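In this note's numbering, the protein residues as written are 2 to 94.
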């Protein structure tokens with residue numbers, strides 16, 4: 002998911018929504034990496050990775066995406082943007 006700018010008065014709510022989603026991400030066996038990010042005072046993002054396209058689709062149709070989209074009208078100043086990318090190279094510990 003690309004950066005989303007929250008309304009200044011709602012930044013804590015966006016942060017809470019994203020940190021609370023960690024438990025849901027841990028339940029997704031096909032989600033191999035999941036990070037919730039604060040990029041600025043009111044700018045947030047999520048970086049996640051998957052073992053396959055099917056795992057990515059399952060995630061995008063799962064509980065985290067549903068929670069974000071359900072809350073999107075009342076939290077961010079801009080609609081969430083989902084940007085799927087293909088990793089060309091990576092270094093993991």
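No residue lacks a Cβ here, since even glycine has one placed at the ideal position from N, Cα and C. Note that the coordinates shown come from a computational prediction; the quantities given were computed from them, not determined experimentally.
Could you spell out where the alpha helix (DSSP H) holding residue i opens and where it closes?
i          : result
residue 22 : No alpha helix (DSSP H) holds residue 22; DSSP gives it neither H nor E.
residue 66 : 64-72
residue 54 : 54-61
If you draw a straight line from the C-alpha of residue i to the C-alpha of residue j, how long is it?
i          : j          : result
residue 33 : residue 60 : 11 Å
residue 73 : residue 93 : 32 Å
Once DSSP output is grouped into helix, strand and coil, what is the label at residue i?
i          : result
residue 14 : helix
residue 29 : coil
residue 85 : coil
For the beta strand (DSSP E) containing residue i, list its first residue and its last residue.
i          : result
residue 34 : 32-41
residue 80 : From DSSP, residue 80 is part of no beta strand (DSSP E); its letter is neither H nor E.
residue 50 : 44-51
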